[in-house]
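**Student:**
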Amino acid sequence: MLRSLNEIIRFQLQGIDEEIGRCKYFLFDDKFWGVRYMVADTNKWLPGGRKILISPISLCVPKWEEHQFPINLTREEVKNSPALDEHQPISHLYESELFKYYGYGNHWTDKALWEGYPSPSPLVDANVLKDSTQVKAEDRHLRSTDEVKGYEIHATDQKIGHIDGFILNDEDWSIPYIVVDTRNWLPGGYKVLISHKCIKAVNWAEGSIVVNVSAKKIKESPPFDLERLVDPQYEIHLRQYYDLSQDSKYSQDLKDRL
194 MLRSLNEIIR FQLQGIDEEI GRCKYFLFDD KFWGVRYMVA DTNKWLPGGR KILISPISLC
254 VPKWEEHQFP INLTREEVKN SPALDEHQPI SHLYESELFK YYGYGNHWTD KALWEGYPSP
314 SPLVDANVLK DSTQVKAEDR HLRSTDEVKG YEIHATDQKI GHIDGFILND EDWSIPYIVV
374 DTRNWLPGGY KVLISHKCIK AVNWAEGSIV VNVSAKKIKE SPPFDLERLV DPQYEIHLRQ
434 YYDLSQDSKY SQDLKDRL
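Sequential numbering from 194 applies to the sequence shown in the numbering used here.
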C-alpha cells in the first residue's frame with residue numbers, strides 16, 4: 194500500500210517498554226530508492242538528543258489512526274547503540290557496527306529492497322558483501338529525505354517544480370514516487386507524482402533533479418491525491434500515464450487488489 198512519508202513524520206515511536214521519541218526523517222538509498230533508516234528525535238530523554246538510526250528490521254506495523262510507530266527495541270538498547278557523529282557521513286564501517294550491535298546482517302548488497310515486511314529480514318548475501326573499510330565515498334548512496342525535500346525538478350524542456358515529499362510502498366519500504374509541487378512554475382500549478390524511474394540525473398551539489406518527462410506531460414498528469422493512495426486503481430492510472438506498466442508482475446499485483 195502506498196503511504197506518504199510526510200504523513201509519518203512526527204509519529205510517536207513506541208519501544209517495547211517505553212517511548213523512544215518521534216520520527217524525524219528518513220535516510221534512503223539513492224541507487225535503489227528504498228528506505229534504509231528512520232531517524233529518531235530523542236530530545237526528550239536522551240542527553241544531547243543525539244541522532245538515532247532505526248532500521249526497518251526493527252519497525253513494526255504502524256498504528257495509523259494513533260500516529261504511532263511500534264519499535265521492536267527497548268529504550269536501553271537504543272541508548273547504548275553506537276554513537277553517530279552528526280557532522281560526518283554515515284560510513285559502511287558505522288553501519289557494520291550498528292548492525293552487529295543489533296544482531297542484524299548488512300544490507301549494502303545488489304538486492305534492492307527489504308524483505309518480509311512488517312518484519313523485514315536483513316539484506317545479506319555473503320558473495321557480494323563488501324569490506325566496510327574499502328568502500329569509497331562515491332559508492333555510498335544514503336540520502337536524507339529532509340535534505341532532498343525542496344530539490345528543484347527540471348523537465349526535458351524547463352524547470353517544473355520542487356520535491357515536496359516522498360511516497361512509500363509499505364510492503365517493501367521502496368520509494369516508488371516523489372511528490373512534486375508545481376505551483377511556482379506552472380499557472381494554477383498543483384502537486385503531482387512522478388516515478389523515480391523517470392529520473393534521468395541528479396545533481397546533489399546543486400540540489401536539482403532532471404526527469405525524462407516534458408513539462409506538458411507533468412502538467413497534464415493526474416493530480417496528487419493523498420486520500421487515493423490506498424486505492425490500487427489510482428496507482429494503475431499513474432503507471433499507465435507514465436508508461437510504467439511494463440513491470441507486468443507488479444501491475445498484475447495491483448489489479449489483483451482491486
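Yeah, the Cβ is synthetic: ideal placement off N, Cα and C, and Gly gets one too.
As the structure is a computational prediction, the values presented were derived from the model and not from experiment.
How should Trp226 be labelled, buried or exposed, when 16 other C-beta atoms within 10 angstroms of its C-beta is the threshold for buried?
**Tutor:** buried
**Student:** Candidates Cys253, Leu386 and Pro369: which alpha carbon is nearest Lys224's?
**Tutor:** Pro369
**Student:** Note down the Cα distance separating Ala408 from Ala348, rounded to an integer number of angstroms.
**Tutor:** In a straight line, the C-alpha of Ala408 is about 5 Å away from that of Ala348.
**Student:** Looking at the structure shown, is Gly343 part of a helix, part of a strand, or coil, going by DSSP?
**Tutor:** coil
**Student:** Only counting the same chain, and skipping five residues up and downstream in sequence, which positions put a Cβ closer than 6 Å to that of Gly354?
**Tutor:** Hits under 6 Å: Ile346, Val373, Asp374, Thr375 and Trp378.
**Student:** In terms of DSSP beta bridges, what is Lys224 paired with?
**Tutor:** Residue pairing by DSSP places Lys224 in no beta bridge whatsoever.
**Student:** Cutting at 8 Å between CB atoms, please list the residues of its own chain near Pro416, excluding the five before and the five after it.
**Tutor:** Tyr383, Lys384 and Val385
**Student:** So, Ile395 versus Ile387, is the Cβ gap smaller than 7 Å?
**Tutor:** Sequence inspection shows Val at residue 395; the Ile mentioned does not correspond to that position. Not in contact: Val395 and Ile387 (Cβ atoms no closer than 7 Å).
**Student:** Using CA coordinates, which residue listed in Ser289, Lys410, Leu266 and Asp418 is at the minimum distance from Leu277?
**Tutor:** If you compare the alpha carbons of Ser289, Lys410, Leu266 and Asp418 with that of Leu277, the shortest gap goes to Ser289.
**Student:** Determine the direct distance from the alpha carbon of Glu413 to that of Arg432, and round the result to whole angstroms.
**Tutor:** For Arg432 and Glu413, the distance between alpha carbons rounds to 14 Å.
**Student:** Output yes if chain D places a C-beta closer than 7 Å to the C-beta of Gln426; else output no.
**Tutor:** No chain D appears in the structure shown, which is made up of a single protein chain.
**Student:** Which same chain residues end up closer than 8 Å to Gly197 when comparing Cβ atoms and leaving out the 5 residues on each side of it in sequence?
**Tutor:** Residue identity check: residue 197 is Ser in the sequence provided, not Gly. So the list reads Gly358, Phe359, Ile360, Leu361, Val372, Leu419 and Leu422, once near-sequence residues are dropped.
**Student:** Which ranges would you report for the beta strand (DSSP E) in the segment 201–288 if only whole runs of at least 3 residues count?
**Tutor:** 205–207, 212–222, 227–234, 245–247 and 261–263
**Student:** Roughly how many angstroms lie between the CA atoms of Asp436 and Trp366, to the nearest whole one?
**Tutor:** 23 Å
**Student:** One question on the structure: do Ile202 and Ile264 come within less than 7 Å of each other, judged by their Cβ atoms?
**Tutor:** no
**Student:** With a CB to CB cut of under 7 Å and the five nearest residues on each side skipped, what residues in its chain are close to Asp339?
**Tutor:** Tyr218
**Student:** How many Å lie between Val317 and Leu252 at the Cα?
**Tutor:** Residue placement at Val317 is flagged as unreliable, the pLDDT there being 40, under the threshold of 50; a coordinate-derived value is accordingly withheld.
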